[in-house]
Amino acid sequence: MAKSKVTAAIAEIAAGKTAFELAKNEGTTFTNASASDIGLQGTTQNCTITLSDGDGVDGKIKCVLLNAPAAVIGATVQWTRNASSGEWTCGTKAKTGGAKLESKYVGSGCSNLASS
């Protein structure tokens, strides 16, 4: 159940990458943006979704897990866009301590790198 929740969250925020990419290519910044700016809901059954850019990257689409088993509730999954290449990478972070999630909870769609 925990792994399927993480996998669903990764897929849910991945759906915003194309709209995020188009907006960035048009010069949009996401300093005070909301998920609706890229066609996502701010809160879903799986996530609280936020957007940002800065911190040496060109953008992040982040999900804090909701309604999940204790092992993953409050954990973060995010897609991070590289400013130079435009490549997206997936990362995870446990609820506490900034460590990555245990790999048994992370599906093949995410490399399970600790993220901020």
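In terms of the numbering used here, the numbers along the sequence shown are unbroken and rise by one, the last being 242. Just so you know, even glycine gets a beta-carbon here, dropped at the ideal spot from N, CA and C.
Exclusion of the five residues before and after Thr176 leaves Lys188 as the residues of its chain whose Cβ lies within less than 6 Å of its Cβ.
For the pair Glu138 and Asn193, the CB atoms are not nearer than the 7 Å cut-off.
A direct Cα-Cα distance of roughly 31 Å separates Lys129 from Asn158. Residue ranges of uninterrupted beta strand (DSSP E) with 3 or more members, entirely inside the stretch 164-222 and ordered along the chain, are 173-180, 183-191, 202-207, 214-219. Thr206 is classed as buried because its beta carbon has at least 16 other beta carbons within 10 Å across all chains shown. An exposed status is given to Lys230, since fewer than 16 other beta-carbon atoms sit within 10 Å of its beta-carbon.
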